[in-house]
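*Asks:* Respectively, the protein sequence lines represent chains A and B.
Read left to right, the first sequence gives residues 9 to 383 (my numbering).
Read left to right, the second sequence gives residues 9 to 383 (my numbering).
Number of protein chains: 2
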Amino acid sequence: MSGTMRQLVSTLISDGTLELSIATVDKPEPADDEVLIRVEAAPINPSDLGAIFGPADMSTAEAVGTPDDPKVVAQVPPDLMPASAPGVNSPRPLGIEGAGIVEQVGTSAAAKTLFGKTVALMGGAMYAEYRMAKADQCLVMPDGTAPAEAASSFVNPLTALGMVETMRREGHTALVHTAAASNLGQMLNKLCSNEGVDVVNIVRRREHVDLLSSIGARYVCASSRDAFAEELVEALRATNATLAFDATGGGNLAGQILAAMETAQIQSGRDVGPYGTTTHKQVYIYGGLDRSPTRLERNYGMAWGVGGWLMPWFLVKIGPEAAQKLREKVAAEIKTTFASAYSKEISLGDVLDPDSIAAFGKKATGEKYLIRPQK
Amino acid sequence: MSGTMRQLVSTLISDGTLELSIATVDKPEPADDEVLIRVEAAPINPSDLGAIFGPADMSTAEAVGTPDDPKVVAQVPPDLMPASAPGVNSPRPLGIEGAGIVEQVGTSAAAKTLFGKTVALMGGAMYAEYRMAKADQCLVMPDGTAPAEAASSFVNPLTALGMVETMRREGHTALVHTAAASNLGQMLNKLCSNEGVDVVNIVRRREHVDLLSSIGARYVCASSRDAFAEELVEALRATNATLAFDATGGGNLAGQILAAMETAQIQSGRDVGPYGTTTHKQVYIYGGLDRSPTRLERNYGMAWGVGGWLMPWFLVKIGPEAAQKLREKVAAEIKTTFASAYSKEISLGDVLDPDSIAAFGKKATGEKYLIRPQK
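#1: My output table needs one value for A/Val205: the three-state DSSP class, helix, strand or coil.
#2: So what does DSSP say about A/Pro51, is it helix, strand or coil?
#3: Given a threshold of 16 other Cβ atoms within 10 Å of its Cβ, counted over all protein chains shown, does A/Thr115 qualify as buried or as exposed?
#4: To the nearest angstrom, how far is the alpha carbon of B/Asp358 from that of B/Thr68?
#5: Would you mind telling me which residues of chain A sit closer than 7 Å to B/Pro282, beta carbon to beta carbon, in chain order?
#6: Counting only the same chain and skipping the five closest in sequence on each side, list residues whose C-beta sits under 6 Å from that of A/Glu353.
#7: Is the shortest distance between the beta-carbon of B/Ala64 and the beta-carbons of chain A less than 8 Å?
#8: If we ignore side chains and look at the alpha-carbon of each, how far apart do A/Ile109 and A/Thr126 end up?
#9: Which residues bound the beta strand (DSSP E) around A/Val314?
#10: DSSP three-state call for A/Gln112: helix, strand or coil?
#11: Assuming the contact rule is C-beta atoms closer than 8 Å, B/Val207 and B/Leu169 should be a hit. Round their C-beta distance to whole Å, please.
#12: Using a Cβ cut-off of 9 Å, which residues of the segment 197-214 of chain A contact any Cβ in chain B, in chain order?
#13: So is A/Pro150 buried or exposed if we call it buried at 16+ other beta carbons inside 10 Å?
#14: Quick one: give me the first and last residue of the beta strand (DSSP E) that A/Ile293 is part of.
#15: Quick check: what's the CA-CA separation for B/Leu219 versus B/Thr121?
#16: According to the Cβ coordinates, are B/Met195 and B/Asn164 closer than 8 Å?
#17: For the beta strand (DSSP E) containing A/Lys2, list its first residue and its last residue.
#18: Going by CA-CA distance only, name the one from B/Arg176, B/Asp40, B/Pro301 and B/Leu304 that's closest to B/Ala119.
#19: Would you mind stating whether B/Gly258 and B/Gly313 have Cβ atoms separated by less than 8 Å?
#20: Whose CA, out of B/Tyr294, B/Phe123, B/Ala339 and B/Leu323, lies closest to the CA of B/Leu192?
#21: I want to see whether chain A comes within less than 8 Å of B/Glu336, judged by CB atoms only; does it?
#22: Less than 8 Å between CB atoms is the rule here; does A/Pro301 satisfy it with respect to chain B?
#23: With B/Met66 as the anchor, note down where its beta strand (DSSP E) starts and where it stops.
#24: Would you mind giving the Cβ-Cβ distance between A/Asn209 and A/Ala235, rounded to the nearest angstrom? I have them listed as a contact below 8 Å.
#25: Within 8 Å (strictly less), CB to CB, does B/Met9 reach chain A?
#26: Please list the partners that B/Glu42 has in chain A, where partner means a Cβ-to-Cβ separation under 9 Å.
#27: What would DSSP say about B/Met9, mapped onto helix, strand or coil?
#28: What residue range is occupied by the uninterrupted beta strand (DSSP E) comprising A/Glu27?
#29: Answer with buried or exposed for B/Phe123, where buried requires no fewer than 16 other C-beta atoms within 10 angstroms of its C-beta.
#30: Can you tell me where the alpha helix (DSSP H) with B/Arg177 in it begins and where it stops?
#31: For A/Gly263 and A/Ala31, what's the separation of their Cα atoms in angstroms?
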């Protein structure tokens, strides 16, 4: 088999613009241990947006291509333009994860068994008609799984699993999650409900309380309410949660959670000395929805920690065997616990529409786009 | 043996004052596994001041007793006065650590071997003529050690050792220390020099650079200098330090250190992706000289952590055997690595002098008081 394939790329051009376009490149031939995946579905995750938009100001985006060769350009603020960074003027492929059908295989046994299977892959360059992969990097789905069902097999499922696994490994028994109405947040509630782990969900808006309650979440606190601090302490006392994953990052929220955890520990009867209780309270920041500085009042004793957390680094830390177990759990439960819903399906070309960009660029709760590269 | 003994106490009185006074109490009789220590020397550590002063505003301190029964009272700001907390109106003994001679012993073999020895003890109530202790809690000093030499055997030595031990256990190879001209900071430099561990010392004032350089510190950065950020990066690159112990706590310093560590890692050639380098950078806050909130800009990728650190909790975490090894190292090197210097020696009664209180309450670098309860 030979020929060409279409692939979405983002190019930072030295004149100070960012260009999104569709490149036509050679379709590769698998080596012995490789397979060629016909990509059928790939989601736009919040974590994809950084690579798509780069440092550009997307409010300046305008369509400049032709119907046959659509293009979008946007201006990069001069102070954010790298002088001569590696990568300037080089088209970068996009798309962290996706799924498809194995259409061509190498000569190794591992590659051959994948022929015709639905597989998911995380590794970049998934916004394309085809993607080459090592056989052992593919996550094989159970028979009867459509690629669209398997498109989001890594980022959200492994993040949710990684949070629960971190909780167990670090000796906590319940979790706090912020920005909890997100796709990830809903998935985390399903997972924890299965595993008998309590989750304290923190959301901003009243309608997100209703959304999470409707899927069975038991503890939901709205940070916009006057009684937020008291309600959070109450939920923390009921669950004994001493670990939080915070997607917002900036502002007072991480510190508010630590303070509420300490108050809950004291109300639960823990000994409290001049340095607070000895119960370790931890917040991991895994996103940066609020880009302002993190502000810690330190009014919760000395047994606390705040730090960054990234799912891929966590998988490296626990080692390949433990990570593979988590991946296999995702495949086994891809239609239930780890099912994703999308608000819209679009083609590769549709990504280059300024109106689409404005919509998926908002990272709004409930908005998630699925790219269908074959359409 | 029987009789009475004098003991310094701090009493929070329900009328809204704090009273410091000398209580006369019964001298206790040792049980089988106990020994009675005649306390000869006990330091005033910064960590003692919280217990001595409580919530009182010490600028209002005034002497109100008689020469035979000296007393100091100070006003507690009404909003800091606990309504009916346990401990109100009860005299609290003071003094975290100290040393003395074992004057009377119980019947157990462990107790008997201590008779006449110089021992150090951490456990409170050391600002007193006598202190009862379990035999196995006493740290026995080498023959020929005077109690004054052994008075500071725990707080500073075990904190310095705990920092180095934390560094090793968490996979770092060099240290950053703030407020580094302190007694503790000087001791840490001596210890690390012996152990071949690099320390990056951060101080505020120019004269503290000279002080540390004069005792052989190789890396000293003054945060008051315009070129502080660059000089810190340079020292971090030279040492590859990725762990800091911060005594200040508030403000931007913890974040500045993390940012400088990340810059040093990048300059040293580490791979840097969209989430920064994968090198974990850690700041432990072990004091609160700056009571303002900690402000983290998070401009150093995702491989970072900030948290509280307390020496006694660290000793619990590593377990009794490992902790005992550290204590024995202190005893063996009490006249060299872990020697302390004092700016003034005072009696129990001298502590109740408002001028003394103003002096040792300042926590000034180089000022450290030693209480001599027998004088």
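Cβ coordinates follow ideal geometry from the N, Cα and C atoms, glycine included.
*Replies:* From the atom records:
#1: coil
#2: strand
#3: exposed
#4: 18 Å
#5: Gly58
#6: Leu378 and Arg380
#7: no
#8: 5 Å
#9: Trp312 to Gly316
#10: strand
#11: At roughly 14 Å, the Cβ-Cβ gap does not stay under 8 Å, so B/Val207 and B/Leu169 are not in contact.
#12: none
#13: exposed
#14: Lys289 to Ile293
#15: 42 Å
#16: yes
#17: With chain A represented from 9 up to 383, any question about residue 2 of chain A goes unanswered, as that position is not in the structure.
#18: B/Asp40
#19: no
#20: B/Tyr294
#21: no
#22: yes
#23: Asp65 to Ala71
#24: Actually they do not touch by this definition, with Cβ atoms about 16 Å apart.
#25: Because B/Met9 sits at a pLDDT of 49, beneath the cut-off of 50, its placement in the model cannot be relied upon, and the point is left open.
#26: Per Cβ cutoff of 9 Å: no residues; B/Glu42 is ~24 Å from chain A at best.
#27: The predicted model places B/Met9 with a pLDDT of 49, which falls under 50 and marks its position as unreliable, so this point remains unresolved.
#28: Thr25 to Asp34
#29: exposed
#30: Val163 to Arg177
#31: 46 Å
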